[in-house]
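Numbers 1 to 196, taken from UniProt numbering, label the letters of the sequence shown in order.
Beta carbons: idealized from backbone N, C-alpha and C, even for Gly.
Predicted model, so just to flag it, every value in this text is computed and none were measured.
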Amino acid sequence: MHGAARFGQLAADVVTRTPGTGVCTAADLVASLRDGARLLDEDTLVAALSAERVTGKRIVFTNGCFDVLHRGHTAYLKQARAQGDILVVAVNDDDSTRRLKGPGRPLNPAADRAGLVAELSCVDYVTVFSTDTPIALIERIEPDVYAKGGDYVPEMLEETAVVEAHGGEVRILDYVSPHSTTDLIARVRAAGVADA
1 MHGAARFGQL AADVVTRTPG TGVCTAADLV ASLRDGARLL DEDTLVAALS
51 AERVTGKRIV FTNGCFDVLH RGHTAYLKQA RAQGDILVVA VNDDDSTRRL
101 KGPGRPLNPA ADRAGLVAEL SCVDYVTVFS TDTPIALIER IEPDVYAKGG
151 DYVPEMLEET AVVEAHGGEV RILDYVSPHS TTDLIARVRA AGVADA
C-alpha cells in the first residue's frame, strides 16, 4: 500500500504542474520518480518497476552487502547495468550482513551502504532487504536478468530457479580481482588502523 500511496502523490504532483487539464502517464511517473530519491522501500520499488515495464524497459537485478564500496563493486555494477535498461540493486540490511559475513560486520550501516550505491550513475534504484537471500524480492519484481559476480555459478545460487520460473535469466559477470571487502578489512586491521 505504501508504494501505491507514493505513486498517487507523484501522479498528483505531475498533474498539478501541468497547465490546464493534465493527465499522468507511466512515463510521467517514471520521470517524476527519477527526479527524486532512487533509494526506495520495497513496495515503492515494485510500483516503480511496473511503470518502467510499461515503457518497455528491461530490468536487471543484483544484490549484495556492499560493506566497503570498492572498485570491484563498481566494475561489477557497471557490467550489470550493461545487461539491460534499468539496474536495481538490493542491499542486505545490517542483520543479514552480520549473518552472512560474521561478527564485526557490517562496518557501515545499511543506510550508508545503500546511499553510496544509489549515488552511482549506473544504478537506477536501490532497496534494502532483510533476508539472507533476495528470493522473496525477486519473486515480487520478476527481473529480466539476475546478475551476479564471477565468483558464482548459476547452479550454486538458490535464486536461479526463481528467476528462471518467471522467464528471467541469470548472468554471471566477469570476476574483478583482487578486490574483496573481506580482504580489504583484513589488510586495514593488520595495518593497525581498524579503530581509526
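query, result
"Determine the contact status of residue 60 and residue 47, defining contact as a CB-CB distance below 8 Å.", "no"
"Taking the alpha carbon of residue 144 as the point to measure from, which residue in 122, 115, 100, 88 has its own alpha carbon closest?", "88"
"Whose C-alpha, out of 105, 142, 136, 173, is nearest the C-alpha of residue 151?", "173"
"From which residue to which residue does the alpha helix (DSSP H) around residue 147 run?", "No alpha helix (DSSP H) contains residue 147, which is instead part of the beta strand (DSSP E) from 145 to 148."
"Using C-beta distances below 7 Å, list every residue in its chain close to residue 109, excluding the 5 sequence neighbours before and after it, in chain order.", "94"
"Within 10 angstroms of the Cβ of residue 177, are there 16 or more other Cβ atoms? Answer buried if so, exposed if not.", "exposed"
"According to the Cβ coordinates, are residue 162 and residue 139 closer than 8 Å?", "yes"
"Ends of the alpha helix (DSSP H) at residue 169?", "Unbroken run through residue 169 is the beta strand (DSSP E), 169 to 172; no alpha helix (DSSP H)."
"Rounded to whole angstroms, what is the Cα-Cα separation between residue 157 and residue 44?", "26 Å"
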